């Protein structure tokens, strides 16, 4: 079968196993390994409270070479004190020992319930078990994806191929996340691999831009996690001329990376907790880009808008209300709104429209809400999803 997993680029192995962190017995520990070593970059949550894994990973990602990533689900290892930090370091050391690397050359990530210590005997045994199963196969890549899931209902993966200086370069990624998503310059847990030869500074720049224009534009519930991490590893084995400047080759790589991240963001929105449909809020006519971003996020986060979308209700009043309460500069006399191509509000006044057509638009799996603030020339966007009773049920029962 076609390999659309993180093992698709040259130089990467993966595995996923059940080690007993989750009471369900589901898979809960994953490994990605690059035996030849990779350049790495990452972005993290901007929450002031962070997991032990984030603290350790922030240090390790600065190293020139990374050889592995170890990830657990079912336990966030957050608010766990020095013991939690020590356990994150032990995870790196255990993975490093299995592949004959240094602990500092291993990145770590965790996701799950906050305030619980990792069952380290099970985790270490799981790392040994995963190391024994490492493979470059598509099934191994899928095993890794399955191991990082919590309330996700399905794996979320994407792959892109591009030509750089006559060599085929592959970029592949996976993302975990269905709730507690309102990243603000981070993401949920996302792991991207590529075989491109590219310098570490440019890899970092490309990742920050890609995440800023995709995964950071998604809000499910407006709540930022303590564990948000997005990382990319580049093996350099594609055979392309190394990218060491912001030349056309870099721009091509960065563009495709951004497309892949956007794909993952939309998959996350579709798999959001309890979601049945997603929408994109596009705001233009803003005085500044920051105002456009703030207004778009306000609409995407507005519970009454999300409920209306769930019911297929073209309730433009809630959209205008959300924009008006966003604290941005706007011109009430020029304020306008469209649902796909249906204009429902223009120049500060309601427009006659076909309610059945508008309802059909809102009832689609995806639609676009366009708002013009009439205050300038800046624009931005945000992805959101509907709010259902199932979201409440999932989060009411998450811990128990």
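Numbering (our numbering), first residue to last: 1153 to 1552.
Think of the CB as a built atom: it goes at the ideal place given N, C-alpha and C, for glycine as much as any other residue.
Note that the structure is predicted; figures quoted are calculated from it, not measured.
Fill in: Cα-Cα separation, residue 1239 to residue 1402
38 Å
Item to complete: Note the first and the last residue of the continuous beta strand (DSSP E) segment covering residue 1315.
Response: 1309-1316
Worksheet item: Hey, quick one: how far does the alpha helix (DSSP H) through residue 1297 stretch, first residue to last?
Response: 1290-1299
Worksheet item: Going straight from the alpha carbon of residue 1553 to that of residue 1167, what length do you get?
Response: With the chain covering 1153 to 1552 only, the question about residue 1553 has no answer from this structure.
Discussion item. Measuring straight from C-alpha to C-alpha, what distance separates residue 1340 and residue 1327?
Written reply: Residue 1340 and residue 1327: Cα-Cα distance of roughly 7 Å.
Worksheet entry | Given residue 1516 as reference, the closest of 1464, 1237, 1272 once Cα atoms are compared | 1464
Fill in: For residue 1261 and residue 1209, believed in contact at Cβ under 8 Å, the rounded distance
7 Å
Worksheet item: From this set, 1410, 1393, 1398, which residue's C-alpha is nearest residue 1382's C-alpha?
Response: 1410
Practice prompt. Mind checking which residues open and close the alpha helix (DSSP H) that includes residue 1412?
Written response: 1400-1422
Fill in: Residue nearest to residue 1308 in terms of C-alpha spacing, selected from 1342, 1475, 1540
1342
Discussion item. Closer than 8 Å is the cut-off here; do at least three beta carbon pairs connect the segment 1523-1540 with the segment 1432-1449?
Written reply: Yes: at least three Cβ pairs fall under 8 Å.
Worksheet item: Thinking just about the alpha-carbon of each residue, which of 1287, 1250, 1281, 1232 is nearest to the one in residue 1269?
Response: Taking only the C-alpha atoms, the option nearest residue 1269 is 1232.
Worksheet entry | Exposure of residue 1177, with buried meaning 16 or more beta-carbon neighbours within 10 Å | exposed
Practice prompt. Determine the burial state of residue 1398: buried for a count of at least 16 other Cβ atoms within 10 Å of its Cβ, exposed for fewer.
Written response: exposed
Worksheet item: Which residue from 1438, 1489, 1500, 1513 puts its Cα closest to that of residue 1461?
Response: 1513
Practice prompt. Evaluate residue 1298 with the Cβ neighbour count: other Cβ atoms within 10 Å of its Cβ, from every protein chain shown; 16 or more gives buried, anything less gives exposed.
Written response: buried
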